[in-house]
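Worksheet for the structure shown next.
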Amino acid sequence: MNEKSQSTPEGNDPQKEARNKSRRDFLRRFGLAGAAAAAGGAALYSGYQYEKAKGKSEMVRVLTDDNRLVMVPRDQIQESKPDQAFLQKRGRKGLKGHRWVMVIDLSKCRNARQCVKACQKAHHLRPHEYHITTLEMQDGPNTAPYFMPKPCQHCDNPPCVSVCPVDATFKRQDGIVLIDNERCIGCRFCMSACPYSARMFQWQEPFMAEDYEENPQPYDVELNIPQAKGTISKCLFSADRLREAELPYCVSACPNGVFYFGDENEDAVTNGTTKETVRLSALLKQNAGYRLMEELGTKPRVYYLPPKNRLFDFDDQPSSYKGDNEEKA
Amino acid sequence: MALATPNTNHQFEEKAASDIMQPVGLNIKFHAWMGLLTLVLMACLYAYYTQLRDGLSVTGLRDYVNWGMYIANFVFFVAASLIGMLISGVLGLLGFQWIKPIARIAEIIAVAFAAVAGLVIVSDMGRPDRLPFVFLYGRVQSPILWDVTVVTTYLVLSLMLYYVPLLPDLAIGKTRMNQSHGWLAKIYDILSLNWKHYPEQYNILHKAVRILLILIVPTAFAIHTVTSWLFAVNPRAGWDSTIFGPYFLTGAFVAGCAALIIAMYFFRSNYKLHRYITPEHFDKMGKLLVLTSIIYLYFNINEFLVPGYKLKEADAIHLHELFSGHYAPLFWGTQILGLILPLILLLFKPMRKPLPVLIISFFVLAGAWAKRYIIVVPTMEHPYLPKQYVPDEWMLYQPTLTETAITVGSIVLVLMIITILAKLFPVIPIWEIEEKPNQTSNQTNETS
Chain F
1 MNEKSQSTPE GNDPQKEARN KSRRDFLRRF GLAGAAAAAG GAALYSGYQY EKAKGKSEMV
61 RVLTDDNRLV MVPRDQIQES KPDQAFLQKR GRKGLKGHRW VMVIDLSKCR NARQCVKACQ
121 KAHHLRPHEY HITTLEMQDG PNTAPYFMPK PCQHCDNPPC VSVCPVDATF KRQDGIVLID
181 NERCIGCRFC MSACPYSARM FQWQEPFMAE DYEENPQPYD VELNIPQAKG TISKCLFSAD
241 RLREAELPYC VSACPNGVFY FGDENEDAVT NGTTKETVRL SALLKQNAGY RLMEELGTKP
301 RVYYLPPKNR LFDFDDQPSS YKGDNEEKA
Chain H
1 MALATPNTNH QFEEKAASDI MQPVGLNIKF HAWMGLLTLV LMACLYAYYT QLRDGLSVTG
61 LRDYVNWGMY IANFVFFVAA SLIGMLISGV LGLLGFQWIK PIARIAEIIA VAFAAVAGLV
121 IVSDMGRPDR LPFVFLYGRV QSPILWDVTV VTTYLVLSLM LYYVPLLPDL AIGKTRMNQS
181 HGWLAKIYDI LSLNWKHYPE QYNILHKAVR ILLILIVPTA FAIHTVTSWL FAVNPRAGWD
241 STIFGPYFLT GAFVAGCAAL IIAMYFFRSN YKLHRYITPE HFDKMGKLLV LTSIIYLYFN
301 INEFLVPGYK LKEADAIHLH ELFSGHYAPL FWGTQILGLI LPLILLLFKP MRKPLPVLII
361 SFFVLAGAWA KRYIIVVPTM EHPYLPKQYV PDEWMLYQPT LTETAITVGS IVLVLMIITI
421 LAKLFPVIPI WEIEEKPNQT SNQTNETS
């Protein structure tokens, strides 16, 4: 604008006799530059005015990655899929303010294995590859047999996380133990360390390897997909579902009301079948809830309710009672 | 003397120099042996290629037994490599003179096994391409980090303990190389770092070796203790033990002694070194093997008897499996043929003659390998929770041919390193073979 006002009087003064040729020359060049600047300035100004007017009418509020609410002109918004760096950052951080917890009611399990199937479908696993499995249990030769779903216990003192050499498996602030198969070196120390045999290894090309090749997708650490050969995979408490405020795959799939899932901070857990929400502390207290191998000090986040008054009978002796064979005979 | 040097303190024997340098250099036997090893190695490398291509599914490892032959072999390699520290470090620092002719052989074994141990671990990794992650993202809480650190340190120290005392011999050797080995003389010349046998040089050498010897003792203790912790830190029956560190360490000395005796016998007869590696040496090594075996037996008794007395549920399953179950033949075979019988036999002097002690050492070494297998595998076959709804072959571990071939490949690599070091450079320190009568009088004074 400044140049514009300067150039106008000079440009309007061509009639004036020029005593000095070089001066006139200079003025002419100066005038040219001035005209160009004026045109450019005007264009910029009008553009700015246009943008201003447009923005005023069509601003939208958008929530950013880091949870800030910002205003953006609507026609400036571009569709974006979460890339890997974003998924990693989000997945390693966890859901703030939550302490996820699972309760498994052993009196209701009749070994339908729907939890297993739903989990395998969600995480692209073969029928004998498990994040969660059910076990036929018998604690002693004269005690009652029962079925026990066994996911990762998401220990608060996880032996697997301690021994990992590269921070591939880690504990999130919301209590979930995840595995990052982009980082895992496949040493399997975590499998050796886990007393619950909760981890699995991709010994060969993953189940859906061909599909991954045809449709490349960024690795989501909360879903552990795509699965990768030569790395660990494990139960994730369906971290991707929790982000969507949904119950885990196994919990929703159970037809018998075995699973409760919820937030320890809220002291509330929801049954995946009946969708009934109950107090966690009351549920554990009334049913004498316990955790697996408490004596190891792993502090699991999965609680079990004892298999009393079972709804379903056990047909046979469990196929592989782990105790002393002689005693069993 | 062929070398007119200002050296006065170190008069090496002319005959010793020519005897020891005599087998140095490449001959038809070397080429044939290396050719054979290379062929076998190629087959083993192909096996490793299939593992890279198809994943660890080519092994017998599965979700329950996720560590097997590779890890057992790794522990064995680390164990065998400790002999370098026992001979040069412990006995050397204590001032025993008789170890001088065999100290370098012990170092060769240490270097070869320690170097390949790292590769064995890589062969067990699901993603060997991510090895740099251990350095990029290493977490100091993980025993794997400790293991990588100390194994590397031990390898470097062992290499230096091999190389530094080799310097005078390189200077001696370069002048005695025959015409066909001009290139080797050149290598000697470069590697000898202009060694001139000056007394000051020997002073520095002695000081340097002493520092290395002092450093190698704690390092060697660390590598095998940390290796044992790879198991002992896990809450599993059979590994959940507080004595794993010393248990592994003493076991390592047993394995190392046996490996050294075998190597001594081989070099003695093939390199015609009867004058330098004497029956006396075999007798003393036999005694050392008895001593280490007794300590190892003591730890074995502790390791099995104490849990066996209590028979806690998980321990009971594990011990039943070892004492009378699936692993009983291997367990008792290892304990009796690989430890107790050798120990008893070696108490008798005729059994400590070169040939008997060689045969016994083969049993001890094979037993040492099998023992590592017994430590690693059966524990993994008995997790706390039952194994169900998996294919039958996941229940028990059975090493596959591919896996075995890759393991054989690692042993071939060890043999190749030993062969090259022992064929290109003298296996006995020439400059330390001096004042022969004095040395023998030392020998008779000592008891082991």
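Listed in order, the protein sequences are those of chains F and H. 262 is the number that the UniProt record's numbering gives to position 262 of the first sequence; each next residue is one higher, with no gaps. 177 is the number that the UniProt record's numbering gives to position 177 of the second sequence; each next residue is one higher, with no gaps. Even for Gly, the Cβ is constructed at its ideal location relative to N, Cα and C.
Report the three-state DSSP secondary structure of residue i (helix, strand or coil).
i	result
Arg268 of chain H	helix
Ala228 of chain F	coil
Asn309 of chain F	coil
Thr175 of chain H	coil
Arg279 of chain F	strand
Gly297 of chain F	coil
Leu155 of chain H	helix
Tyr276 of chain H	coil
Val408 of chain H	helix
Ile179 of chain F	strand
Ile428 of chain H	coil
Glu326 of chain F	Confidence in Glu326 of chain F is poor, its pLDDT being 38 and thus under 50, which makes the residue's placement too unreliable to answer from.
Trp100 of chain F	strand
Examine chain F for any beta-carbon lying closer than 8 Å to the beta-carbon of residue i, and answer yes or no.
i	result
Pro6 of chain H	Annotation note: pLDDT 43 at Pro6 of chain H (below 50); position unreliable, coordinate value reported separately. Not one chain F Cβ lies under 8 Å of Pro6 of chain H.
Asp63 of chain H	yes
Gln398 of chain H	no
Pro378 of chain H	no
Gln201 of chain H	no
Tyr198 of chain H	no
Ser123 of chain H	no
Gly60 of chain H	no
Gly89 of chain H	no
Hey, is residue i's beta-carbon within less than 8 Å of any beta-carbon in chain H?
i	result
Leu186 of chain F	Here residue 186 of chain F turns out to be Gly, not Leu, going by the sequence shown. So yes, Gly186 of chain F belongs to the interface.
residue 331 of chain F	There is no way to answer for residue 331 of chain F, as the model of chain F reaches only from 1 to 329.
Asn309 of chain F	no
Tyr45 of chain F	no
Tyr304 of chain F	no
Met1 of chain F	The pLDDT assigned to Met1 of chain F is 43, lower than 50, so where the model puts this residue is not dependable; a value taken from the coordinates is nonetheless given after this. It does not; no Cβ of chain H falls within 8 Å.
Ala85 of chain F	no
Glu205 of chain F	yes
Phe259 of chain F	no
Asp156 of chain F	no
residue 359 of chain F	Here chain F covers residues 1 to 329 and nothing more, so residue 359 of chain F does not appear.
Met293 of chain F	yes
Beta carbon of residue i, beta carbon of residue j: below 8 Å?
i	j	result
Val116 of chain H	Leu413 of chain H	yes
Tyr271 of chain H	Val427 of chain H	yes
Gly68 of chain H	Val377 of chain H	yes
Trp431 of chain H	Ile105 of chain H	no
Ile277 of chain H	Pro101 of chain H	yes
Pro165 of chain H	Pro429 of chain H	yes
Val151 of chain H	Ala114 of chain H	yes
Asp174 of chain F	Gly94 of chain F	yes
Gly47 of chain F	Asn265 of chain F	no
Phe147 of chain F	Arg199 of chain F	no
So residue i packs on residue j, CB below 8 Å; how close in whole Å?
i	j	result
Val75 of chain H	Arg275 of chain H	Going by Cβ atoms, the distance from Val75 of chain H to Arg275 of chain H rounds to 37 Å, so no, they are not a contact pair.
Tyr154 of chain H	Thr219 of chain H	5 Å
Met285 of chain H	Cys187 of chain F	In fact, because the Cβ distance is near 36 Å, the residues do not count as touching under 8 Å.
Pro235 of chain H	Pro354 of chain H	47 Å between Cβ atoms; not a contact.
Leu161 of chain H	Ser88 of chain H	6 Å
Ile295 of chain H	Thr250 of chain H	5 Å
key: Segment contact, 8 Å Cβ cut-off, at least three pairs: the stretch 85–100 of chain H with the stretch 120–136 of chain H   = no
request  = Determine, using beta-carbon pairs with one atom in the stretch 151–162 of chain F and one in the stretch 230–240 of chain F, whether at least three such pairs fall under 8 Å.
outcome  = yes
Three-pair Cβ contact test at 8 Å for the stretch 219–228 of chain F versus the stretch 76–92 of chain H = no
query = Are three or more beta carbon pairs between the stretch 238–249 of chain F and the stretch 104–113 of chain F nearer than 8 Å?
reply = no
message = With three or more C-beta pairs closer than 8 Å as the rule, is the stretch 281–301 of chain H touching the stretch 128–143 of chain H?
response = no
query = Should the stretch 248–262 of chain F be called in touch with the stretch 177–192 of chain F, which here means at least 3 C-beta pairs below 8 Å?
reply = no
inquiry  = Under 8 Å, with one C-beta from each stretch per pair, do the stretch 227–245 of chain H and the stretch 327–347 of chain H reach the 3-pair mark?
reply    = no
ask   = Counting Cβ pairs closer than 8 Å, one from the stretch 190–210 of chain H and one from the stretch 222–237 of chain H, do we hit at least three?
value = no
ask   = Can at least three beta-carbon pairs, one atom from the stretch 132–143 of chain H and one from the stretch 165–178 of chain F, be found at a separation below 8 Å?
value = yes
task = Could you tell me whether the stretch 299–311 of chain F touches the stretch 135–153 of chain F, using the rule of 3 or more Cβ pairs below 8 Å?
result = yes
query = Looking at C-beta atoms only, is the number of pairs between the stretch 269–284 of chain F and the stretch 126–139 of chain F that lie closer than 8 Å three or more?
reply = no
inquiry  = Would you call the stretch 20–31 of chain H in contact with the stretch 374–388 of chain H, where contact means no fewer than 3 C-beta pairs closer than 8 Å?
reply    = no
task = Would you check if the stretch 78–91 of chain F and the stretch 197–214 of chain F touch, i.e. whether three or more CB-CB distances between them fall below 8 Å?
result = no
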